[in-house]
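Here's the structure we're looking at; comments come further down.
2 protein chains.
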Amino acid sequence: MSKNLTSRAEDYSKWYNELVVKADLAENSAVRGCMVIKPYGFAIWEKMQAELDRMFKATGHQNAYFPLFVPKSLFEAEEKNAEGFAKECAVVTHYRLQNDPDNPGKLRVDPEAKLEEELVVRPTSEAIIWSTYKNWIQSYRDLPILINQWANVVRWEMRTRLFLRTAEFLWQEGHTAHATKEEALDETIQMNNIYAEFVENFMAIPVIKGVKSESERFAGAVETYCIEALMQDGKALQAGTSHFLGQNFAKAFDVKFTNKEGKQDFVWATSWGVSTRLIGALIMTHSDDKGLVLPPNLAPIQVVIVPIYKGEEELNQISEVANKLVADLQKLNISVKFDNRDTHRPGAKFAQYELQGVPLRIAIGPKDLANNTVELARRDTLSKSVESIDNITQLIPDILVDIQNSLFNRAETFRDQHITEVENFETFKSVLENKGGFISAFWDGNVDTEQRIKELTKATIRCIPNQEEVVTGVCIFSGKPAKYRVLFAKAY
Amino acid sequence: MSKNLTSRAEDYSKWYNELVVKADLAENSAVRGCMVIKPYGFAIWEKMQAELDRMFKATGHQNAYFPLFVPKSLFEAEEKNAEGFAKECAVVTHYRLQNDPDNPGKLRVDPEAKLEEELVVRPTSEAIIWSTYKNWIQSYRDLPILINQWANVVRWEMRTRLFLRTAEFLWQEGHTAHATKEEALDETIQMNNIYAEFVENFMAIPVIKGVKSESERFAGAVETYCIEALMQDGKALQAGTSHFLGQNFAKAFDVKFTNKEGKQDFVWATSWGVSTRLIGALIMTHSDDKGLVLPPNLAPIQVVIVPIYKGEEELNQISEVANKLVADLQKLNISVKFDNRDTHRPGAKFAQYELQGVPLRIAIGPKDLANNTVELARRDTLSKSVESIDNITQLIPDILVDIQNSLFNRAETFRDQHITEVENFETFKSVLENKGGFISAFWDGNVDTEQRIKELTKATIRCIPNQEEVVTGVCIFSGKPAKYRVLFAKAY
Ligand SMILES: [Zn+2]
Ligand SMILES: [Zn+2]
Numbered sequence: 001m002s003k004n005l006t007s008r009a010e011d012y013s014k015w016y017n018e019l020v021v022k023a024d025l026a027e028n029s030a031v032r033g034c035m036v037i038k039p040y041g042f043a044i045w046e047k048m049q050a051e052l053d054r055m056f057k058a059t060g061h062q063n064a065y066f067p068l069f070v071p072k073s074l075f076e077a078e079e080k081n082a083e084g085f086a087k088e089c090a091v092v093t094h095y096r097l098q099n100d101p102d103n104p105g106k107l108r109v110d111p112e113a114k115l116e117e118e119l120v121v122r123p124t125s126e127a128i129i130w131s132t133y134k135n136w137i138q139s140y141r142d143l144p145i146l147i148n149q150w151a152n153v154v155r156w157e158m159r160t161r162l163f164l165r166t167a168e169f170l171w172q173e174g175h176t177a178h179a180t181k182e183e184a185l186d187e188t189i190q191m192n193n194i195y196a197e198f199v200e201n202f203m204a205i206p207v208i209k210g211v212k213s214e215s216e217r218f219a220g221a222v223e224t225y226c227i228e229a230l231m232q233d234g235k236a237l238q239a240g241t242s243h244f245l246g247q248n249f250a251k252a253f254d255v256k257f258t259n260k261e262g263k264q265d266f267v268w269a270t271s272w273g274v275s276t277r278l279i280g281a282l283i284m285t286h287s288d289d290k291g292l293v294l295p296p297n298l299a300p301i302q303v304v305i306v307p308i309y310k311g312e313e314e315l316n317q318i319s320e321v322a323n324k325l326v327a328d329l330q331k332l333n334i335s336v337k338f339d340n341r342d343t344h345r346p347g348a349k350f351a352q353y354e355l356q357g358v359p360l361r362i363a364i365g366p367k368d369l370a371n372n373t374v375e376l377a378r379r380d381t382l383s384k385s386v387e388s389i390d391n392i393t394q395l396i397p398d399i400l401v402d403i404q405n406s407l408f409n410r411a412e413t414f415r416d417q418h419i420t421e422v423e424n425f426e427t428f429k430s431v432l433e434n435k436g437g438f439i440s441a442f443w444d445g446n447v448d449t450e451q452r453i454k455e456l457t458k459a460t461i462r463c464i465p466n467q468e469e470v471v472t473g474v475c476i477f478s479g480k481p482a483k484y485r486v487l488f489a490k491a492y
Numbered sequence: 001m002s003k004n005l006t007s008r009a010e011d012y013s014k015w016y017n018e019l020v021v022k023a024d025l026a027e028n029s030a031v032r033g034c035m036v037i038k039p040y041g042f043a044i045w046e047k048m049q050a051e052l053d054r055m056f057k058a059t060g061h062q063n064a065y066f067p068l069f070v071p072k073s074l075f076e077a078e079e080k081n082a083e084g085f086a087k088e089c090a091v092v093t094h095y096r097l098q099n100d101p102d103n104p105g106k107l108r109v110d111p112e113a114k115l116e117e118e119l120v121v122r123p124t125s126e127a128i129i130w131s132t133y134k135n136w137i138q139s140y141r142d143l144p145i146l147i148n149q150w151a152n153v154v155r156w157e158m159r160t161r162l163f164l165r166t167a168e169f170l171w172q173e174g175h176t177a178h179a180t181k182e183e184a185l186d187e188t189i190q191m192n193n194i195y196a197e198f199v200e201n202f203m204a205i206p207v208i209k210g211v212k213s214e215s216e217r218f219a220g221a222v223e224t225y226c227i228e229a230l231m232q233d234g235k236a237l238q239a240g241t242s243h244f245l246g247q248n249f250a251k252a253f254d255v256k257f258t259n260k261e262g263k264q265d266f267v268w269a270t271s272w273g274v275s276t277r278l279i280g281a282l283i284m285t286h287s288d289d290k291g292l293v294l295p296p297n298l299a300p301i302q303v304v305i306v307p308i309y310k311g312e313e314e315l316n317q318i319s320e321v322a323n324k325l326v327a328d329l330q331k332l333n334i335s336v337k338f339d340n341r342d343t344h345r346p347g348a349k350f351a352q353y354e355l356q357g358v359p360l361r362i363a364i365g366p367k368d369l370a371n372n373t374v375e376l377a378r379r380d381t382l383s384k385s386v387e388s389i390d391n392i393t394q395l396i397p398d399i400l401v402d403i404q405n406s407l408f409n410r411a412e413t414f415r416d417q418h419i420t421e422v423e424n425f426e427t428f429k430s431v432l433e434n435k436g437g438f439i440s441a442f443w444d445g446n447v448d449t450e451q452r453i454k455e456l457t458k459a460t461i462r463c464i465p466n467q468e469e470v471v472t473g474v475c476i477f478s479g480k481p482a483k484y485r486v487l488f489a490k491a492y
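Those sequence lines, one after another, are chains D and Z. Just so we're aligned: the first sequence equals residues 1 to 492 in our numbering. Just so we're aligned: the second sequence equals residues 1 to 492 in our numbering.
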């Protein structure tokens with residue numbers, strides 16, 4: 001494993017790409033735009049899944065599974081949704097291959113096995129799910145339906161980047177059905193809050209909650225709630241979205257129910273999702289020029305123990321201490337690895353775990369044995385200390401909590417320092433160019449204004465943060481009365 | 001929820017289809033051959049996944065994720081594998097939809113967005129994974145690779161049945177790479193044993209271990225190990241397979257490594273999988289004319305408590321007892337539900353949980369309150385008893401273990417009674433017709449013999465069981481010297 005990572009200052013984008021590959025998280029595959037998530041990267045995703053799944057179930061949701069394919073006629077039923085995704089759809093048109101008569105040993109699509117109706121590989125599942133819910137819902141007694149699905153989805157992308165933008169990605173998508181607008185809105189907001197809680201407490205990434213402007217809304221949604229994070233290069237990243245779908249899908253699929261008053265009404269809907277994209281956010285928020293930095297709550301290996309020895313006898317003595325430490329830490333539910341490989345030298349192991357972001361490294365050498373100590377190294381601060389073996393098991397849980405909190409605080413300080421209020425478009429452009437980050441500015445609420453700003457600066461409205469106060473001011477671009485104070489940024 | 005389930009004697013196949021739908025496990029979707037796995041069915045799958053995943057990790061495997069799509073040129077590289085699956089492949093040929101000029105509001109495939117190379121939706125992932133492993137393996141130090149993936153796969157089927165045979169299904173597929181033939185063979189057998197352990201101890205389904213005959217082998221495998229189960233209608237069901245792939249995929253994708261002696265050699269491979277098909281086996285092994293019967297180790301709800309009351313005051317009194325019981329059972333890690341819905345009567349609840357196979361039902365009524373008792377009903381035996389509330393928390397864990405064991409023993413007795421040794425083809429046909437089950441018979445090892453028997457009787461060789469003794473006898477069909485004693489059966 002090579003240590004030579006391009007620095008962030010040199011080329012942030014290159015740094016990211018190299019880091020993902022060298023830290024063994026993921027790599028590009030033989031399929032254009034699709035990635036292979038390697039075991040170390042997948043272990044992070046599994047930790048994320050476990051926690052999110054727990055949170056979903058604690059709020060009354062159940063998992064289910066709906067088909068990968070969406071018949072074209074269902075896909076196009078909700079017009080805005082269809083329009084929004086049509087350009088990114090992988091389409092199955094045939095169901096058989098046959099021997100290619102012109103190329104012995106090769107296969108070709110069997111022209112006789114053409115589907116009567118094309119199947120879209122799901123870019124999102126509202127259509128297939130609401131065509132199913134139609135049969136499940138007759139009365140208010142059948143509501144609410146609170147279902148989540150863990151699945152792969154495909155959105156054909158021309159320019160892809162590992163985790164951040166891939167043709168296929170993994171995600172969860174919640175799809176709920178409600179008897180009232182209020183209940184559906186409550187659900188939408190609840191799930192956005194759960195995402196915020198997860199991303200802040202587990203991923204140690206501070207987020208801003210808000211709603212999207214109309215043009216950034218999910219195709220088919222009435223309102224899109226979101227959480228927005230800020231990366232180290234000053235670009236924003238949408239970390240999760242929760243959509244209030246109104247009655248749009250119920251109308252498209254004719255899903256009515258008899259309410260308590262005995263009247264027919266269309267069902268209210270929400271959908272919400274986070275994806276493997278979050279791993280990209282994780283990397284870009286905390287990592288440094290030496291490699292990945294993982295918050296302990298999501299690290300597949302929280303503590304690694306590296307023996308420093310000459311000869312078998314020394315290794316045996318160190319192993320005795322190390323194995324006891326492993327057992328003690330495992331009792332505390334700490335994920336710990338004792339790396340006693342004799343094929344790699346300590347220096348190479350140090351470099352590997354640094355690159356892979358293991359939060360705490362313990363080194364034990366002959367001097368430590370003599371002194372009853374270990375050397376402790378924190379990945380976040382790169383600081384080292386010598387600790388008594390007798391205290392170490394007690395110390396470690398606290399240090400892990402401290403690392404988790406420090407990472408969040410560091411990211412929050414950076415984020416807060418990169419929210420700049422501006423009052424005019426000249427400052428807007430200059431801040432965007434020279435400082436980056438979120439720009440808080442008055443906006444007239446007009447789609448054209450938003451569009452013009454985007455064309456001129458590449459900045460988009462990341463969100464309209466939850467705000468209580470009445471807005472008084474003028475739009476930085478049009479000079480018309482402002483409707484909102486919003487956050488602009490260049491974004492991933 | 002209707003209680004009117006077709007009986008098994010009346011129409012076994014109809015009974016199965018009705019049961020799957022009425023017990024809320026799964027249903028057919030708008031996509032031909034694809035199913036919707038409903039929350040209750042999916043909860044069973046989640047329990048299966050959790051246990052299998054634990055077993056895989058305990059034996060050193062890690063999870064990862066590989067692309068859904070396989071470029072045609074990679075798919076066809078291992079010829080036998082490609083040939084075996086070519087007829088069942090869903091193929092993506094386009095990556096975009098556009099507005100249909102002839103049908104306003106409708107979409108059509110954009111003819112300009114045709115892929116240069118078609119993408120096969122994975123029917124299995126050997127091809128995409130071995131084209132990836134090629135880059136991961138240089139030396140024996142890179143081996144073994146022990147990876148598993150949880151994924152959806154698509155095999156286009158003309159005649160589908162919920163869980164048993166669907167165009168899309170969920171599964172896990174292990175794909176390992178080894179430096180030696182022996183190590184790969186050990187892995188293959190180990191994973192077949194893990195499947196047997198899981199299916200017997202968790203699903204309470206007895207299995208026979210063995211290998212497949214050449215014609216029943218996985219396309220591209222050198223040897224397919226399998227576990228075979230017997231359903232109540234006397235038909236066999238392949239519950240899991242573990243393939244020794246030899247160097248076939250390494251040769252197809254040119255995956256070589258430098259061994260310890262410094263020489264180049266092709267890598268040895270295994271793959272192994274179980275799928276949502278197992279849920280079909282679970283249903284058909286244990287269930288009865290009243291509905292599903294679930295082994296406690298896989299039941300999403302192990303114990304349900306139903307209050308029998310008139311008026312709110314009675315319900316409150318019962319709830320007090322029930323809530324304490326819920327808390328006590330949860331402390332023992334027992335999954336328990338207190339169904340206090342006031343929209344359904346006790347009789348309807350009883351019917352629902354019977355249909356859904358909840359292992360233990362507790363009813364509490366006013367008489368019970370007076371006597372300090374509850375009524376306990378076992379789903380497996382349909383027997384009831386009145387128990388003192390003071391003993392109940394202590395009793396239940398033992399009863400759940402007893403249900404788990406009883407289900408296995410009942411299925412094993414049935415299976416053992418349905419293995420018939422026959423010495424000639426007349427008896428073979430008569431047993432197959434009148435009794436069903438496995439038929440143990442001598443076979444000459446010839447593919448043509450196997451084929452003729454299949455044509456005449458629809459019975460196939462389910463497996464060549466692990467056998468130590470030397471076979472002496474003649475083939476029941478050809479009269480030639482027998483090579484093996486094998487198990488024939490009609491199969492799902
Ligand atoms: Zn936002
Ligand atoms: Zn077998």
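Backbone N, C-alpha and C define an ideal beta-carbon position, used for all residues, glycine too. These numbers come from a predicted model, not from an experiment.
Residue-level contact to chain Z via CB, residue i, 8 Å cutoff
| i | result |
| --- | --- |
| Q62(D) | yes |
| A9(D) | no |
| C475(D) | no |
| G105(D) | yes |
| V267(D) | no |
| S139(D) | no |
| N81(D) | no |
Residue i (DSSP reduced to helix, strand or coil)
| i | result |
| --- | --- |
| F425(D) | helix |
| L360(D) | strand |
| G246(Z) | strand |
| D328(Z) | helix |
| I392(Z) | helix |
| A348(Z) | helix |
6 Å CB neighbourhood of residue i in its chain, flanking five on each side removed
| i | result |
| --- | --- |
| E157(Z) | G33, R165 and A167 |
| Q98(D) | D110 |
| V486(D) | W443, I461 and I464 |
Minimum Cβ-Cβ distance from residue i to chain D less than 8 Å
| i | result |
| --- | --- |
| G445(Z) | no |
| A86(Z) | yes |
| S131(Z) | yes |
| K72(Z) | yes |
| V304(Z) | no |
| T93(Z) | yes |
| R54(Z) | no |
Extent of the continuous beta strand (DSSP E) run through residue i
| i | result |
| --- | --- |
| H175(Z) | E168 to H178 |
| K38(D) | Segment: none, K38(D) is in no beta strand (DSSP E) and carries neither H nor E. |
Cut-off 8 Å between Cβ atoms - residues of its own chain near residue i, not counting five sequence neighbours on either side
| i | result |
| --- | --- |
| I319(D) | One detail in the question is off: residue 319(D) reads as Ser in this sequence, not Ile. P307, F338 and N340. |
Same chain, Cβ closer than 7 Å to residue i, neighbours up to 5 away in sequence not counted
| i | result |
| --- | --- |
| K331(Z) | none |
| A26(D) | V20, M35, V36, I37, K38, G41, L162 and F163 |
First and last residue of the uninterrupted alpha helix (DSSP H) at residue i
| i | result |
| --- | --- |
| N259(D) | Segment: none, N259(D) is in no alpha helix (DSSP H) and carries neither H nor E. |
| N372(Z) | Segment: none, N372(Z) is in no alpha helix (DSSP H) and carries neither H nor E. |
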